[in-house]
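S.K.: Residue numbers 166 to 768, in the working numbering, belong to the letters of the sequence shown in order. Even for Gly, the Cβ is constructed at its ideal location relative to N, Cα and C. Quick one: structure below, then a few questions.
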Amino acid sequence: MVKSLPARSEVRLEDTWDLTSLFSSEEEFHQALSELEKQTDAFQQQHSGKMEDASSIVGALTAYAALYEKLVPLSTYASLVLSTDQTDDAAQMLSSKFGSVAAKISSKLSFVNSELLNLPEETLQQAMKESDEFKVYLEKLIRKKQYQLHPEVEKTLAAYSSTFSAPYGLYNTTKMVDMKFDDFEAGGKSYPLSYVSFEGDWEAEPDVEIRRAAFTAFSNKLKDYQHTTAKTYDMQLQAEKTTSDLRGYDTIFDYLLFNQEVDRSLYNRQIDLIMKELAPHMRKYAKLLQEVHGLGKMTFADLKISLDPSYEPEITVEESKKYIDDALAIMGPDYLEMVDRSYSERWIDFAQNTGKSTGAFCSSPYGDHPYILISWTGRMNEVFVLAHELGHAGHFYNANREQNVFNARPSLYFIEAPSTMNEMLVANHLLESSKDPQFKRWVISSIVARTYYHNFVTHLLEAAYQRKVYERIDAGQSVNAGILNTLKRNVLEEFWGDAVEITPGAELTWMRQPHYYMGLYPYTYSAGLTISTQVSKRILKEGQPAVDDWIEVLKAGGTKTPVELSQMAGVDITTEQPLRDTIAYIGELIDELVKLTDEIKVK
Numbered sequence: 166m167v168k169s170l171p172a173r174s175e176v177r178l179e180d181t182w183d184l185t186s187l188f189s190s191e192e193e194f195h196q197a198l199s200e201l202e203k204q205t206d207a208f209q210q211q212h213s214g215k216m217e218d219a220s221s222i223v224g225a226l227t228a229y230a231a232l233y234e235k236l237v238p239l240s241t242y243a244s245l246v247l248s249t250d251q252t253d254d255a256a257q258m259l260s261s262k263f264g265s266v267a268a269k270i271s272s273k274l275s276f277v278n279s280e281l282l283n284l285p286e287e288t289l290q291q292a293m294k295e296s297d298e299f300k301v302y303l304e305k306l307i308r309k310k311q312y313q314l315h316p317e318v319e320k321t322l323a324a325y326s327s328t329f330s331a332p333y334g335l336y337n338t339t340k341m342v343d344m345k346f347d348d349f350e351a352g353g354k355s356y357p358l359s360y361v362s363f364e365g366d367w368e369a370e371p372d373v374e375i376r377r378a379a380f381t382a383f384s385n386k387l388k389d390y391q392h393t394t395a396k397t398y399d400m401q402l403q404a405e406k407t408t409s410d411l412r413g414y415d416t417i418f419d420y421l422l423f424n425q426e427v428d429r430s431l432y433n434r435q436i437d438l439i440m441k442e443l444a445p446h447m448r449k450y451a452k453l454l455q456e457v458h459g460l461g462k463m464t465f466a467d468l469k470i471s472l473d474p475s476y477e478p479e480i481t482v483e484e485s486k487k488y489i490d491d492a493l494a495i496m497g498p499d500y501l502e503m504v505d506r507s508y509s510e511r512w513i514d515f516a517q518n519t520g521k522s523t524g525a526f527c528s529s530p531y532g533d534h535p536y537i538l539i540s541w542t543g544r545m546n547e548v549f550v551l552a553h554e555l556g557h558a559g560h561f562y563n564a565n566r567e568q569n570v571f572n573a574r575p576s577l578y579f580i581e582a583p584s585t586m587n588e589m590l591v592a593n594h595l596l597e598s599s600k601d602p603q604f605k606r607w608v609i610s611s612i613v614a615r616t617y618y619h620n621f622v623t624h625l626l627e628a629a630y631q632r633k634v635y636e637r638i639d640a641g642q643s644v645n646a647g648i649l650n651t652l653k654r655n656v657l658e659e660f661w662g663d664a665v666e667i668t669p670g671a672e673l674t675w676m677r678q679p680h681y682y683m684g685l686y687p688y689t690y691s692a693g694l695t696i697s698t699q700v701s702k703r704i705l706k707e708g709q710p711a712v713d714d715w716i717e718v719l720k721a722g723g724t725k726t727p728v729e730l731s732q733m734a735g736v737d738i739t740t741e742q743p744l745r746d747t748i749a750y751i752g753e754l755i756d757e758l759v760k761l762t763d764e765i766k767v768k
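Next comes the structure, spelled out in structure tokens:
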């Protein structure tokens, strides 16, 4: 039974993360922030106007990297404190304080890139020869030169950075602070409802009457805030469009894809192929759910139910560790040590409480260990979620140790490959652990319903919808709630066809994800899973050599492009083949579910 969520102050300490390795107290945080402001002023006085040759460039970048390393824990702490309880006034003020000071620091430091790009390219090339450490940073900087604005403009834009990020903060405040859910009624009983309980429990509730009643109540509350949320989103879009135009990009897509180091063909392919070729497989899966559950019709509210809810085991946090340790053992002892420490040293926030951010994420600050947020409900599918976030942790655990602060983070295009890889390793391990048809069906259905549905369907449909939104913005138009609802409904209807009834409220799904405030992020989930599916097959077939290649990919961080990182792992993403193979693999899994369901019926 889903219960009302407690206040943050009421949850067990052992279910929360320990942020003291960042800062032992808010006082220490504020002291460090004040000190960084002074150090920034000193850096500016020492290096502004004095980067003239290779030696002075290397010296300035060394000091710049040291400053940046001090900014990272401050940013992380402010973000993590707020993420666990967005209703907390002190956390709100701390986050706002950091945003304000960080904008000033960013403005003062903007001279670094502006002055470097004003130097002859030969001087920058010489600096690369003198210090390989800053080679990638300078290469990427040179690539940006044509889009760089006048130094004073760059300084001004940097000063407004906290204002430009305000729509995301407003979205979260609306969602997690202002939006209050009433209890809902089903079968003559009353049930508590919240963002976390809907997405963690009610959406997968086996009882059709309760599940659909929860969906209706949840959607009705979203509807109350649709206009404010749409206006917030439009603010984000217009700011991105203005920036794109100011910097001289041909389209907003070119602007948003630039730092991902991929061209638009990879972006479009990921959306177009999946919309066209995966849809028939997923419609078959929807019809299987409908048949197994004896539903008169399959609605959007039914898509997250388990194929066999009676077989869905509950699992404790402690039990999850053994599953994950066993599944990820193939990654080697160093990787497993990281996993073990994440439990024993409280890197993970498991608690369910009011005001906590929905979903799950991993934050991996340079110079410290990763931090994972998840709201643990005890469902077995959360082992996959936790393995996913530990994939991000393992990625940056390796990259941060091998690379400098500028080189550690890879392209957004590649960011979801290590996370979805861990989901595949968990699935493969579970499949090998039993021959029982019912267990096998449960594992495969978990792969389809969690790993592939979440990354290849939920996020892909976000991406298809997001592309339509940006096409409007690129044409000089804006959006409102009615337009966003129509765009979202059209994408859902195109994908699901007549297999699923897109019930009222489904069109409001665009309100639920924060990804739209992070550029062209949603499509990267399917891109990452395409890569990890192919690499996981390599690992199953080749064993240690494939694992060794993958570890080297993790260590490479952002020193390679997504194409180069994929090639290191033995996958060529310049062709359609990896994506087509992955879609075919999903089709095979669904066919296997149909076959196993028939076998279980006969028994």
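Please list, in chain order, all residues of the same chain as G234 whose beta carbon is under 7 Å from its beta carbon, the five residues on each side excluded.
M.R.: With the sequence shown as reference, residue 234 is identified as Glu, and Gly is not the correct amino acid for it. Cβ within range, chain order: Y531, G532, V570.
S.K.: Which partner residues does H538 have in the DSSP bridge list?
M.R.: For the sequence presented, residue 538 should be read as Leu rather than His. According to DSSP, which records beta bridges pairwise, L538 is partnered with D514, F526.
S.K.: State buried or exposed for Q311, treating a residue as buried only when at least 16 other CB atoms are found within 10 Å of its CB.
M.R.: Label assigned to Q311: exposed.
S.K.: Enumerate, from N- to C-terminal direction, the unbroken alpha helix (DSSP H) stretches of 4 or more residues contained entirely within the segment 417-444.
M.R.: As far as the segment 417-444 is concerned, its whole alpha helix (DSSP H) runs of at least 4 residues are 417-423, 429-438.
S.K.: By the three-class DSSP mapping on this structure, what secondary structure does A640 have?
M.R.: In this structure, A640 counts as coil in the three-state DSSP scheme.
S.K.: What's the gap between the Cα of L551 and the Cα of Y420?
M.R.: Their Cα atoms are separated by approximately 33 Å.
S.K.: Considering only the alpha carbon of each residue, which of P743, E510, S330 lies closest to S701?
M.R.: Looking at the Cα atoms, P743 is the closest of the given residues.
S.K.: So A582 and A573 are supposed to be a Cβ contact under 8 Å. How far apart are they, rounded?
M.R.: Contact flag wrong, Cβ pair sits at about 16 Å.
S.K.: Apart from the five residues just before and just after S260, which ones in its own chain have a Cβ nearer than 6 Å to its Cβ?
M.R.: Around S260: A243, L247.
S.K.: Can you tell me which of the three DSSP states S355 falls into?
M.R.: The answer is strand: DSSP assigns S355 an E or B state.
S.K.: Give me the Cα-Cα distance between T695 and L431, rounded to the nearest whole angstrom.
M.R.: C-alpha separation (whole angstroms): 12 Å.
S.K.: On the three-state DSSP scale, how would you describe M166?
M.R.: Its pLDDT being 46, under 50, M166 is placed unreliably in this model, and the value from its coordinates should be taken loosely. Note: M166 maps to coil in three-state DSSP.
S.K.: By a C-beta neighbour count over all protein chains shown, 10 Å radius and 16 as the cutoff for buried, is Q196 buried or exposed?
M.R.: It counts as exposed.
S.K.: Are there 16 or more other CB atoms within 10 angstroms of the CB of S769, so buried, or fewer, so exposed?
M.R.: The question about residue 769 has no answer, for the chain in this structure spans 166 to 768.
S.K.: Can you tell me which of the three DSSP states T464 falls into?
M.R.: Correct three-state label for T464: strand.
S.K.: In this structure, how does DSSP classify E217 when only helix, strand and coil are distinguished?
M.R.: The answer is coil: DSSP assigns E217 none of H, G, I, E or B.
S.K.: Let me check understanding here. Comparing Cα to Cα, which of Y690, Y682, E717 lies closest to M400?
M.R.: The option with the nearest alpha carbon to M400 is Y682.
S.K.: Measuring CA to CA, which of K706, I748, Y500 is closest to S691?
M.R.: Of K706, I748, Y500, the residue nearest in Cα terms is I748.
S.K.: Per DSSP, which one or two residues make a beta bridge with E374?
M.R.: Paired residue(s): none; E374 is not in a bridge.
S.K.: What residue ranges within the segment 213-294 form continuous alpha helix (DSSP H) runs of no fewer than 4 residues, ordered along the chain?
M.R.: If we require 4 residues or more, the alpha helix (DSSP H) runs fully inside the segment 213-294 come out as 219-249, 254-274, 276-283.
S.K.: Going by Cα to Cα distance, which pick from D218, K262, K273, I270 is closest to Q291?
M.R.: When each option's Cα is compared against that of Q291, the closest is D218.
S.K.: Per the DSSP calculation, E350 is bridged to which residue(s)?
M.R.: According to DSSP, E350 bridges with S355.
S.K.: Compute the Euclidean distance between the alpha carbons of T339 and G708, then round it to the nearest angstrom.
M.R.: Distance between the alpha carbons of T339 and G708 is about 48 Å.
S.K.: Which residue marks the beginning of the alpha helix (DSSP H) containing N587, and which one marks its end?
M.R.: 582-597 is the extent of the alpha helix (DSSP H) around N587.
S.K.: When DSSP builds the beta bridges, which residues end up paired with E666?
M.R.: E666 pairs with T464.
S.K.: Hey, how far is the Cα of S611 from the Cα of P478?
M.R.: Their backbone Cα atoms lie some 12 Å apart in a straight line.
S.K.: State yes or no: is the beta carbon of V759 nearer than 7 Å to at least one beta carbon in chain D?
M.R.: No chain D appears in the structure shown, which is made up of a single protein chain.
S.K.: Provide the residue(s) that pair with E479 in DSSP beta bridges, ordered along the chain.
M.R.: DSSP, once it has assigned bridges, lists R544 as partnering E479.
S.K.: Start and end of the alpha helix (DSSP H) containing S507?
M.R.: Unbroken alpha helix (DSSP H) run through S507: 498-509.
S.K.: Taking the alpha carbon of A382 as the point to measure from, which residue in E368, L538, W512, Q631 has its own alpha carbon closest?
M.R.: The shortest C-alpha separation from A382 is found at E368.
S.K.: Around the Cβ of L411, are there at least 16 other Cβ atoms within 10 angstroms (buried) or fewer (exposed)?
M.R.: Exposed: under 16 other Cβ atoms inside 10 Å.
S.K.: For the segment 634-643 against the segment 660-668, do three or more pairs of beta-carbon atoms, one drawn from each stretch, fall closer than 8 Å, so that the two count as touching?
M.R.: Short answer: they don't touch.
S.K.: Going by the beta-carbon positions, is the gap between Y302 and V427 smaller than 7 Å?
M.R.: For Y302 and V427, no; Cβs fall outside 7 Å.
S.K.: Rounded to the nearest angstrom, what separates Q631 and A516 at their Cα positions?
M.R.: Going from the Cα of Q631 to the Cα of A516 covers about 32 Å.
S.K.: Are there 16 or more other CB atoms within 10 angstroms of the CB of M166, so buried, or fewer, so exposed?
M.R.: Any reading at M166 is ruled out, since the residue's pLDDT is 46, under 50, leaving its predicted position unreliable.
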